[in-house]
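Heads up, the thing below is written out as structure tokens.
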Amino acid sequence: MQKTKSGIKQKVIFIISISILIVMIAGIILTYFLGVALFRNTIGKQYEQMASGLAVSIAADLAGEIEDVETYASRPLWRDAVEETNSRYKFTDKESLAVYFNDMDKKWAASDKESAFVKEYVDNRIALSIRDILKIRGNIAELFITDKFGGLVAASDRTSDFYQADEDWWQKAYNNGKGEVYISDAEFDESSKKWVVSIAVPIKDKNDSIIGICKNSISTDRLFGRLGDFKIGQTGHAVVIDKNGIIVFHSGIEPMKVRDYEIVNVKKLLLGKKHYDIFYNAGSHPKKMFVSFASIKPSHALPSDTDWLVLINQDASETFKSLHVFIIQLVMITIILLILIIPIGSFFGEIFAKPINEFRLATEKIINGGWDYVLNIKTGDEIEEFADTFNEMLQNLKNKQEELLGAKNELERLSQSLEKKVEERTRDLSLTQEATLNILEDLTEAKAKLEKEATALEEALRIKSDFTSTVSHELRTPLAAIKESISIVSDGTTGPIGPEQKEFLDMAKRNVDRLNRLINDILDFQKLEAGKIIFDMREDDINEAVTEAARTMAPLAQEKGLDLVIDLADNMPHVRFDRDRIMQVLTNLISNAIKFTEKGGITIATKIFSNVIEVSVEDTGAGIRKEDMPKLFQHFEQLEKGVDRKTGGTGLGLAISKGIIEQHRGKVWAESELGKGAIIKFVLPIKERRSRYDKKDIDR
Amino acid sequence: MTKKILIVDDEPDLLDVTTFRLKKNGYHVLTAIDGQAALTIIEKEMPDLVLLDLRLPVMNGQEVCKKIKADPKLKNIAVIIFTASAGGDVAQKVKALGADDYLIKPFDSEEMLDKIANLLN
Chain A
4 MQKTKSGIKQ
14 KVIFIISISI
24 LIVMIAGIIL
34 TYFLGVALFR
44 NTIGKQYEQM
54 ASGLAVSIAA
64 DLAGEIEDVE
74 TYASRPLWRD
84 AVEETNSRYK
94 FTDKESLAVY
104 FNDMDKKWAA
114 SDKESAFVKE
124 YVDNRIALSI
134 RDILKIRGNI
144 AELFITDKFG
154 GLVAASDRTS
164 DFYQADEDWW
174 QKAYNNGKGE
184 VYISDAEFDE
194 SSKKWVVSIA
204 VPIKDKNDSI
214 IGICKNSIST
224 DRLFGRLGDF
234 KIGQTGHAVV
244 IDKNGIIVFH
254 SGIEPMKVRD
264 YEIVNVKKLL
274 LGKKHYDIFY
284 NAGSHPKKMF
294 VSFASIKPSH
304 ALPSDTDWLV
314 LINQDASETF
324 KSLHVFIIQL
334 VMITIILLIL
344 IIPIGSFFGE
354 IFAKPINEFR
364 LATEKIINGG
374 WDYVLNIKTG
384 DEIEEFADTF
394 NEMLQNLKNK
404 QEELLGAKNE
414 LERLSQSLEK
424 KVEERTRDLS
434 LTQEATLNIL
444 EDLTEAKAKL
454 EKEATALEEA
464 LRIKSDFTST
474 VSHELRTPLA
484 AIKESISIVS
494 DGTTGPIGPE
504 QKEFLDMAKR
514 NVDRLNRLIN
524 DILDFQKLEA
534 GKIIFDMRED
544 DINEAVTEAA
554 RTMAPLAQEK
564 GLDLVIDLAD
574 NMPHVRFDRD
584 RIMQVLTNLI
594 SNAIKFTEKG
604 GITIATKIFS
614 NVIEVSVEDT
624 GAGIRKEDMP
634 KLFQHFEQLE
644 KGVDRKTGGT
654 GLGLAISKGI
664 IEQHRGKVWA
674 ESELGKGAII
684 KFVLPIKERR
694 SRYDKKDIDR
Chain B
9 MTKKILIVDD
19 EPDLLDVTTF
29 RLKKNGYHVL
39 TAIDGQAALT
49 IIEKEMPDLV
59 LLDLRLPVMN
69 GQEVCKKIKA
79 DPKLKNIAVI
89 IFTASAGGDV
99 AQKVKALGAD
109 DYLIKPFDSE
119 EMLDKIANLL
129 N
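Top line first, the protein sequences correspond to chains A and B. To convert, count from 1 in the first sequence and add 3; that's our numbering. To convert, count from 1 in the second sequence and add 8; that's our numbering.
Structure follows, in structure tokens:
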């Protein structure tokens, strides 16, 4: 977590740098190749035009010179002088002329400039006019005229020979008497010590016949002088070369001595489509040269082997300097951009990296438990959206975590309290364990003792029970014989009896019945006590049992003049009871009520409570004393000794009733006030499955 | 035709009293004091009805009753169980033995005569 990575910024810088580099390099390369071609064409055309302009100017100058010479040659003074010279020849045959001119040349060579012979030609009238022209024109190296045979007529200065017809230019200009303008190549004039271009024109008479030749040598400085002033930049200059590449005119360089370019180069130029080219270390140029050219096209034909070209030479590096500067500028811009990339890239990189760093910070904080951290990114784009979602997620996580923490604390608390409890219990247990063990020992002993006692008790009970039932059985058999004997006598079966005998026999019979009832009750009570009575429990309607019991007992009540009223609840639910046993209870209760009531009546009522049904037998008798209440349901407790001999109680009735009701999981009790009658009530549970009924229902 | 009734009881006084009563009421009465004797008499005399005590010497009443009701020749003889045992289970016990009715000692002579008359008609 401590290591902070910052790759994004570098990546952004790298990507931007690469992009710029690619664009710029492509730009430079494209610029260079397209630019060079375009530039070369443009500059080439431009230079070519300049060259062409120069060539035209030079041609025009040359034409002007020729025109001037022709004008001089047509002067009447000169013509007359030539015609006069021609007329002085006494012979015209070749041999005589050859001898004549041979003598004249020797004489000319022997004579110096100041000799009369020479002066005759260079100081004559014509020669003076020629010198005037030279003065006016200047820079005309030499001007002289010959007659029709080539002999000198007049010259601006002393010529090398007298006889000129043996010269090539003379023959060309004379052209076998037809006449032609002759222009020479650049040549060195010995007499003027200058490089010149010579022009020779025929002198014609009125009939257009050639009478002589006029030759004018014009210095190259004059003819091509305008090229000397031509300059482009530092190295751009114009020259004139011939078709062999020899310099005809170059400012400051002697003509016809130096080769400007090889013939190959010249041919390449002349044959090429474009009138410009680049030469590398060609001719006298040690550098890469940019060359454009134009041919000089004079009005008259130049000597057959002479072709003048105006070249504009420039050091190519200068020519393309602006292009190179431009490219250098591009490269510089690229470098500057690349340098600028670092801050720019940092800026853009920061834009991308900042929110990511924020995320990283947030994550770190969260890892260290800083759940309250909220990302605050306002980039207004997907990152901001992401941050919002992140915050939302964080909030959810936080809530979940708090819940978990709460649950965990609760769990810890519970677990602690549980541990504590377990500890306490363990301690208690270990303390009590010993005691328990002791108790267990005691209990085991006690149990063994109890079991022994229980067995003995059971045995005693069994003996008692067997005894009781045997006794009652053994009592009944003689009673049956007694009863039947009384009955036979009483019925009169053995002969008639008087009313007194009858009365005593009836008394005997009643007491037999009472004794029988007593035996039955004892047996019942004993069986109830021993739990030997099997109850025949069925779902049944208690109202029906009550009605039947009332009906059975009705005659007894009637006998005493008592009302027997039944008040039954509607919708009595069926409850589980042993009908015979409950009938036994009901008849017992009703007979008791009748027995203790002298006037008024007996009301038997049923009621429904939530868990129990209640049956009550109410009388209007003497009531029960408060102190007698606890004894009511005890066996052999008769509160009042038999009032009615017929229904004399056994003292077991209520005790048996109580036993029966309790066997039904019910309860029986009495409510009474002395002198205001008594009410005996019992309740039976509605649902057997309920092991207990609510106390409030019973304590009513 | 006079109906023949066998009384089986080991109590001579009760046997005498009952015999007297039934004879007075026009029945031909036979008596036996134990179960074995009772069965012999039943097979020999074919009584219409047997008043049978349960507690008997030699063979008890239950067995006698079962044998009567199991024998196709004897099963039509009406049997009234005659017992000193009281309680709710007597009726069930009687039914289980296949007896026709029962009387609990001490009994009312009218009740006895009613039940006998009932079965013999």
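The beta carbon of each residue, even a glycine, is placed where N, CA and C say it ideally should be.
| Check | Outcome |
| --- | --- |
| Neighbouring residues, chain B, relative to ALA484(A) (Cβ below 7 Å) | GLU19, ASP21, LEU22, VAL25 |
| Cross-chain neighbours of ASN519(A) in chain B, by beta carbon under 8 Å | PRO114 |
| Stretch pair the stretch 188-199 of chain A + the stretch 41-50 of chain A: three plus CB contacts closer than 8 Å | no |
| Under the three-state DSSP convention, the category ARG479(A) falls into | helix |
| Buried/exposed call for ALA285(A), threshold 16 Cβ in 10 Å | buried |
| Distance, GLN13(A) Cα to PRO346(A) Cα | 11 Å |
| Boundaries (first-last residue) of the beta strand (DSSP E) holding ASN89(A) | Per DSSP, ASN89(A) belongs to no beta strand (DSSP E); it is in the alpha helix (DSSP H), 79-91. |
| Three-state secondary structure (DSSP) of ARG648(A) | Residue placement at ARG648(A) is flagged as unreliable, the pLDDT there being 45, under the threshold of 50; a coordinate-derived value is accordingly withheld. |
| 8 Å Cβ cut-off: residues of chain A touching ASP97(B) | ILE537 |
| Among ALA107(B), LEU14(B), ASN33(B), nearest to GLU71(B) - alpha-carbon criterion | ALA107(B) |
| For ASP570(A): DSSP bridge partner residues | ALA608(A) |
| Bridge partners - GLY47(A), DSSP secondary structure assignment | GLY47(A) pairs with nothing; no bridge assigned. |
| Chain A within 8 Å of LYS31(B), Cβ atoms only | no |
| Simplified DSSP assignment, three categories, for THR91(B) | strand |
| Residue burial classification, VAL588(A) (beta-carbon count within 10 angstroms, cutoff 16) | buried |
| The stretch 208-222 of chain A contacting the stretch 62-74 of chain A, beta-carbon criterion three pairs below 8 Å | yes |
| Whether THR623(A) touches THR609(A) by CB criterion (8 Å) | no |
| Chain A within 8 Å of ALA92(B), Cβ atoms only | yes |
| Cβ pair GLY604(A), LEU565(A) closer than 8 Å | yes |
| Length of the line joining the Cα atoms of LEU64(B) and VAL87(B) | 15 Å |
| Within-8 Å CB hit, ARG465(A) to chain D | No chain D appears in the structure shown, which is made up of the protein chains A and B. |
| Local Cβ density within 10 Å of GLN95(A), reported as buried at 16 or more and exposed below that | Residue identity check: residue 95(A) is Thr in the sequence provided, not Gln. Exposed is the call here. |
| Short CB-CB distance (under 8 Å) between THR590(A) and chain B | no |
| 8 Å CB neighbourhood of LEU128(B) in its chain, flanking five on each side removed | LYS11, ASP56, LEU57, ALA86 |
| Beta-carbon gap between ILE11(A) and ILE330(A) smaller than 8 Å | no |
| Inter-residue spacing [alpha-carbon to alpha-carbon] between GLY38(A) and LEU326(A) | 7 Å |
| The stretch 197-214 of chain A in contact with the stretch 238-248 of chain A per 3-pair CB rule at 8 Å | no |
| Cβ contact (3+ pairs, closer than 8 Å) linking the stretch 331-341 of chain A and the stretch 257-271 of chain A | no |
| Inter-residue Cα distance where the pair is ASN595(A) and ASP573(A) | 27 Å |
| Identified DSSP bridge partners for THR39(B) | ILE15(B) |
| Backbone CA spacing between PHE296(A) and PHE323(A) [nearest angstrom] | 18 Å |
| CA nearest to the CA of ALA569(A), picked from GLU562(A), ASN591(A), PHE685(A), ASN546(A) | For clarity, residue 569(A) is Ile in the given sequence; the question names Ala instead. When each option's Cα is compared against that of ILE569(A), the closest is ASN546(A). |
| Residues, ordered as in the chain, of the stretch 486-506 of chain A that lie near chain B by beta-carbon distance below 8 Å | LYS486, GLU487, SER488, SER490, ILE491, ASP494, THR496 |
| Below-8 Å beta-carbon distance, HIS667(A) vs any chain B residue | no |
| Ordered list of alpha helix (DSSP H) runs contained in the stretch 212-273 of chain A, each at least 4 residues | 223-226, 228-231 |
| Cross-chain neighbours of VAL515(A) in chain B, by beta carbon under 7 Å | PRO114 |
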